[in-house]
Each structure stands twice: as C-alpha cells, then as structure tokens.
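So the sequences go chain by chain: A and B.
Numbering (our numbering) for the first sequence: 181 to 337.
Numbering (our numbering) for the second sequence: 612 to 1041.
Here is the structure we will look at.
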Amino acid sequence: MLLESMYQEIILDHYRNPHHKGLRDPYDAQVYHVNPTCGDEVTLRVTLKDVGGEQVVDDVSYESLGCSISQASASVMTDLVIGKPVSEAMKIGDAFLALMQSKGQARSEPDEDLLEDALAFAGVSKYPARIKCALLSWMAWKDATARALAETDGGQA
Amino acid sequence: MSTGSPGAAANGKQSLDVGRIRKDFPILDRTVRGGRPLVYLDSANTSQKPRQVIDTLTEFYERHNANIHRATHELGEEATEAYEGARLKAARFIGAADETEVIFTKNVSEAINLVAYSFGNATALSGPLALRDGDEIVITEMEHHSNLVPWQLLCERTGARLRWFSVTEDGRLDLSQAGELINPRTRLVALAHQSNVLGTINPVQDIVARAHAAGALVLVDAAQSVPHGRVDVADLGADFVGFTGHKMCGPTGIGVLWARRELLAEMPPFLGGGEMIESVRMERSTFAPPPHKFEAGTMPIAQAVGLGAAIDYLTDVGLDGIREHEHELLRHALPALAEIEGLRILGPTAPENRGSAISFTLDGIHPHDLSQVLDDRGVAVRAGHHCAWPLHRALGIQASTRASFYLYNTHAEVDALVEGIRHAKRFFGG
C-alpha cells in the first residue's frame, strides 16, 4: 500500500507521457544538474519574457534521464511554471520544496490550488532516498531562472 | 568466540548450514516495511554482523576499554593486547609475512589514499618512491571510485599520467591493451581483485607479472574478494592490498592496508600526529617503524578488535564453504534472472570464476523504481552506479540494480528477488 502512495497514477501518467520534453531554441539560460547518488541527470533551458515590466516564464524545455519520480516531477514542474510570472512560479517551487521536506507529515495542508498535480508527490516525501529525485528538475529550473534573470538585469544595467 | 563450526561438513563439498548461520545474525530476524521479512541482498554494500562480533564490541567497551600503547595500567595493557591481537589475526588471515605489514585504516578508501598520498609526499621530498615527469599510473575502467579518484588527485599533484584498461562487452578487462599500457614508464598499477558491480574476478597474478617485469608496483583493491573466499597476499604477488571490515561481518570504521615490509619502510607517512612518531622536536620529527608510522592518533580500537572477531567467525565457518555456498546461489540466481524478459545481466553470465554480486538492467524500469518495489516487499538491493560511474558509462547505461549475496542468504531469498522483479514489471505495466 505504501508503494501505491508513492507511485500514484498521476505520476505514472506523467512518466509515460512527459509534457514539454525536448530542448527548444531560443533560450535565455541552460543548466545541467545531476543527482550524484544515482546518476540521474537533466539538461534544462529557460526562456523568460517581459510582460508589462514583469518577468514571465515563457518556456522551459529539458532532456533528462532518470527514474519515474524524477521524470514525472520534471513534467509536472513545466506544467506548473510555464506561463506564470517568475515570482509566482518561485512560490510554487517553495511550496513543493516544503512538501518534499514534510516527511509525509505537513504541518499545514499543502496548497492544492498552488501545487495541482505536484500534490501527488506527497507520498515520495516519506522516502528520504527519493526526495532528491523529485527535486532534481525543480532545482535545475530555479538555477536556470536565476541565471536568466541575472542576464536580463545585466542587459538592462 | 563461537564453539563448533556452522561451516561445511568434513568432506568440504556440502554447503553451509545456513539455518544455523542465520541465527548468528540478529538483524535477519527483523521485519521491514510493515511486517515483511527482511531479504538482505546488499552485502557488497555492507554486510550484516553476527552476534559474535556485536558481543566482542560490547565486551571490549564494558571490560577492556582504554587507549592503546600509551596507557600504563592494566586496562591499557588489555586494550593494547586486543588491538595488536587483531592485527595478528588479520595478518594470518591474508597470509602476510608478519603483522608489521598490516596497517589499520578506516576503510579501503583510506588505505588507497594512504598509498597515493605517500607517493605524493615522496615526490615532494624527492624520496625513493618519487614520481617523475612522464611516469604513468594504470587503473581500470571497472574501478570503484575509491580506486580511481585518489589516483586522479595524485596525478594532478605530481604531473604523472593516468591511464586505464577498458572493459570488454562481457565485463572483463581488455587484456589486449596490457602490452601497451604496462610499460617502462608505468610506476603503479591499481586494480580491483573483484568488481563490485560485475562480479568479475580479475587476473591479478597475470597483471602483477607484467607490472613487475616492467618495474611497476601493484595495488589490489580486495574489498569485494577478501570477505568471500581465501585471499593470500603471497599468492597474489601484489605490493599493496586493501580490504575493509564492514563488508566481512566486521564493524564499520576499520579497514586494512597490507604492504610489503620494505615498501612500508621507504614510504613517507600519510597522516601525522600522535603515536606515529619516534622523536619530536619543534623543527622536525622522526617516525616510528611500520605499522605505527601510518597509524596517527587514537585508532578505532574497538572496531579493530571487532574485525578480529569477524575474522575468527569467517574462519570458523570456513572461507571455502562460503565461496561454495555463494557459487550455488549464483547457479540458482543467474539463470532465473536471465529468464526474465528484458533483464540484462552486466558482466559474466556464467557462475564460473565470478563473485556473487549481480548487477542488471531491466527494460523500461529505472533501477530506482525497481529497488523501490523490491524494498516494498522487504527485498534490500542497491540501485544506482554503485560508485562505479565510469564503468556504467562504458557499458552504455546510466545506472543498474545490484543484488549481492553472502553466507547468510538462501535460495528462497533468490526466489523472492526474482518474484519481486516480476511483480515490478506488472506494477509498471512492463
């Protein structure tokens, strides 16, 4: 039963049919992240656009190798952040990080509106060895976005 | 220590009394993941500990605990005797010329680093073991990171060149490269006795002969071989051999570097500190003779004594019986695994001349996911690159799942593994 709590149908669906996969041009920043314990890897690109003075996530594209948890998490992440203002997307990332660090015992109910499909990863948080799998693409996205923002700032300075 | 032997019958052919052996390992009684019996197939990672070793640790701390070599009281004498007694046991266990050739380290990684840093220090001091421009160090593509990274670091520090044997498709060293790789520029060849991923047993004696003919030294990482069968350093013919306690029923935090006496005498110290000195002045120091030259500071005393108990235990059971038992498990496991559709065994697929770690991939299911399903059924295996990332790259894969057997494993546990893999295929709809 514990197993089903980790491998929810939503996760397996994203694993079998990942969204937004593949590397696309043009992009503002590209990063390569790896999970040194298992060798899972992701190359991820971020494109931002300025909408009325606010930075919005225009696209996130990626190539990755890894387990179902890391692959599904990347797919869900792109669904959640593409089209959102960077500030809002970062809040979702923080909420997901908090969910992963909850060990299955979140102090407050996770925000369903904010996390959507990512809520399905709550079961993963009970397995310390797998939390890094779920976070791999999120960490890559945060890193790439920070670099893209730095580029933008540099461009404006 | 245990009385009577749970080992092989007098004719040496009959397998171990595994039921009796399992009673020596308290942890094998526990359940995991909500009541599942533990099926522990991760002994190449670390082995479980028998009651005899656990009791020895407890007894040492309860009855004999003191620092060694420097305490001038009865407890100090007892602790020193127990610690040095463990050194003697280790020396006899591997056929060392005498116990001064046995240096305690915390593990094989430290044993290998000791040699690498000693070579580096010799280079800085222009000592007899100094590396010169153009010198080469030869390793293999199947090394554990612990027998790879220290040599990369040494080469970076000294300017020596790192070279390596590649691995053939069937998981053996490509010896056709030996003539070119081992040459007059070679100073050291470092290789695993038995691969922690493939189970491959490497032709150490052949490599030693070639290396010595070229004037090079040989270091053997025996972490995966010493626990599973008789290893005699004189037979191997190598110059350095490292192994670790925790993979052979002993505690963590204790390992051994064996080296030929004349080399230890030439080698500069690795770590400086208490107990490794002969005389200390503000300007400079002189050093104790081996092995103490290489044992700075308070050592893992109880752990060394615990390793001694593990050696006694394995000797009582009988190393030949252990090897035979693991061979039988392999003969059962290899064909049963090979029958699973989409499963690819890495390395030798026949049980002959092969250790009992079996790594494999399964089409469509990542090792992390497979190991999670197995864990849910109480079957503990390892998933990932097993600290041998270059080997996995060479085999064209990212990760693998590894099941590894030891003296306490049973045929029923092999069946549990096979059934677990079939269940994972159903679970993921493979």
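Using N, Cα and C, we set each Cβ at its ideal position, and we do this for glycine too.
How is the alpha helix (DSSP H) around Val928 of chain B delimited, first residue to last? Reading the second sequence from its first residue, position 317 is the one you call residue 928 of chain B. From DSSP, the alpha helix (DSSP H) with Val928 of chain B extends over 912-928.
Going along chain A in order, which residues have a C-beta closer than 9 Å to the C-beta of Val984 of chain B? Taking the second sequence and counting its residues from 1, the one referred to as residue 984 of chain B is at position 373. Chain A residues near Val984 of chain B: Leu183, Tyr187.
Buried or exposed (CB count within 10 angstroms, at least 16 for buried), Tyr924 of chain B: Stepping through the second sequence from its first residue, residue 924 of chain B is reached at position 313. Buried, since its Cβ has 16 or more Cβ neighbours within 10 Å.
Just mark Met878 of chain B as buried or exposed, buried being the case when its beta carbon has 16 or more other beta carbons within 10 Å. The residue given as residue 878 of chain B occupies position 267 in the second sequence. Under this definition Met878 of chain B is a buried residue.
Smallest Cα separation from Pro795 of chain B: which of B:Val815, B:Ala822, B:Glu780? Numbered from its first residue, the second sequence carries residue 795 of chain B at position 184. Nearest of B:Val815, B:Ala822, B:Glu780 to Pro795 of chain B, Cα basis: B:Ala822.
By DSSP's criteria, Gln805 of chain B is part of a beta bridge. Which residues make up the other side? Translated into positions along the second sequence, residue 805 of chain B becomes position 194. In the DSSP output, where bridge partners are listed per residue, Gln805 of chain B has B:Ile812.
Quick one: list the residues of chain A neighbouring Gly953 of chain B, beta-carbon separation under 7 Å, in chain order. As a first step, residue 953 of chain B is located in the second sequence; it is residue number 342 there, counting from the start. What Gly953 of chain B touches in chain A: nothing, since even the nearest Cβ is about 16 Å away.
Length of the line joining the Cα atoms of Ser241 of chain A and Trp762 of chain B: Taking the first residue of the first sequence as 1, we reach residue 241 of chain A at position 61. Taking the first residue of the second sequence as 1, we reach residue 762 of chain B at position 151. Pairing Ser241 of chain A with Trp762 of chain B, the inter-Cα distance amounts to about 38 Å.
Mind checking Tyr212 of chain A: buried by the 16 CB within 10 Å criterion, or exposed? Numbered from 1 along the first sequence, position 32 holds the residue referred to as residue 212 of chain A. That one is exposed.
Does Ser613 of chain B come out as helix, strand or coil in the three-state DSSP assignment? Your numbering for residue 613 of chain B matches position 2 in the second sequence. For Ser613 of chain B, the predicted model reports a pLDDT of 41, less than 50, meaning its position is unreliable and no value from the coordinates is stated.
Gly219 of chain A: contacting residues in chain B (beta-carbon distance under 8 Å): For the purposes of this step, residue 219 of chain A is taken as residue 39 along the first sequence, with counting starting at 1. Per Cβ cutoff of 8 Å: Gly995, His996, Trp1000, His1003, Gln1009, Ala1010.
Given a cut-off of 8 Å on the beta-carbon distance, is the pair Pro290 of chain A and Ala275 of chain A in contact? If you number the first sequence from 1, residue 290 of chain A lands on position 110. If you number the first sequence from 1, residue 275 of chain A lands on position 95. Yes; because the gap between Cβ atoms is below 8 Å, this pair is in contact.
Alpha-carbon to alpha-carbon, Asn724 of chain B and Ser757 of chain B: The sequence position of residue 757 of chain B within the second sequence is 146, counting from 1. The sequence position of residue 724 of chain B within the second sequence is 113, counting from 1. About 8 Å.
Whole-angstrom distance between Gly630 of chain B and Gly615 of chain B, CA atom to CA atom: Here residue 615 of chain B refers to the residue found at position 4 of the second sequence. Here residue 630 of chain B refers to the residue found at position 19 of the second sequence. Low per-residue confidence applies at Gly615 of chain B: pLDDT is 45, beneath 50, and the placement is therefore not dependable enough to give any value.
Taking Gly246 of chain A as the query, report the chain B residues whose CB atoms sit under 8 Å from its CB, ordered along the chain. Walking along the first sequence from the start, residue 246 of chain A turns up at place 66. Residues of chain B passing the Cβ test: His977, His979, Gln1009.
The alpha helix (DSSP H) that contains His1034 of chain B, what's its start and end? In the second sequence, the residue the question calls residue 1034 of chain B occupies position 423. His1034 of chain B -> alpha helix (DSSP H) spans 1022-1038.
Check the Cβ-Cβ distances between Arg942 of chain B and every residue of chain A, and say whether any is below 8 Å. By one-based count along the second sequence, residue 942 of chain B stands at place 331. By this cut-off, Arg942 of chain B is not an interface position.
Over the uninterrupted alpha helix (DSSP H) stretch that includes Gln210 of chain A, give me the two end residues. The count along the first sequence starts at 1 and reaches residue 210 of chain A at position 30. Taken as a continuous stretch (DSSP letters only), Gln210 of chain A belongs to no alpha helix (DSSP H), being part of the beta strand (DSSP E) at 209-214.
Taking buried to mean at least 16 other C-beta atoms within 10 Å of its own C-beta, is Lys700 of chain B buried or exposed? In the second sequence, the residue the question calls residue 700 of chain B occupies position 89. With 16 or more other Cβ atoms within 10 Å, it is buried.
Can you find the residues in the same chain that come closer than 7 Å, C-beta to C-beta, to Ala693 of chain B, ignoring five residues on each side of it along the sequence? Position 82 of the second sequence holds residue 693 of chain B. Excluding positions up to five away in sequence, the list reads Phe671, His675, Val916.
So, at 8 Å on beta carbons, what are the nonlocal neighbours of Gln251 of chain A in its own chain, with the 5 sequence-adjacent residues on each side left out? Counting from 1 along the first sequence, the entry for residue 251 of chain A is found at position 71. Only His194, Tyr195, Pro198, Ser244 meet the Cβ criterion.
Tell me whether the beta-carbon of Leu792 of chain B lies closer than 8 Å to the beta-carbon of Val749 of chain B. The residue given as residue 792 of chain B occupies position 181 in the second sequence. The residue given as residue 749 of chain B occupies position 138 in the second sequence. In contact: Leu792 of chain B and Val749 of chain B (Cβ atoms closer than 8 Å).
Name the DSSP beta bridge partners of Gly653 of chain B, please? As a position in the second sequence, residue 653 of chain B is number 42, starting the count at 1. It is worth fixing the name first, because residue 653 of chain B is Asp in this sequence and not Gly. DSSP output for Asp653 of chain B lists B:Ser1015 as bridge partner(s).
Check each candidate in B:Phe636, B:Asp635, B:Arg633, B:Arg644 and name the one with the smallest Cα separation from Val984 of chain B. Position 373 of the second sequence, counted from the start, is the residue given in the question as residue 984 of chain B. When only C-alpha atoms are compared, the closest one is B:Arg644.
Relative to the C-alpha of Asp259 of chain A, which residue among A:Met319, A:Cys313, A:Asp297 is closest? One-based indexing of the first sequence puts residue 259 of chain A at position 79. Closest by alpha carbon: A:Asp297.
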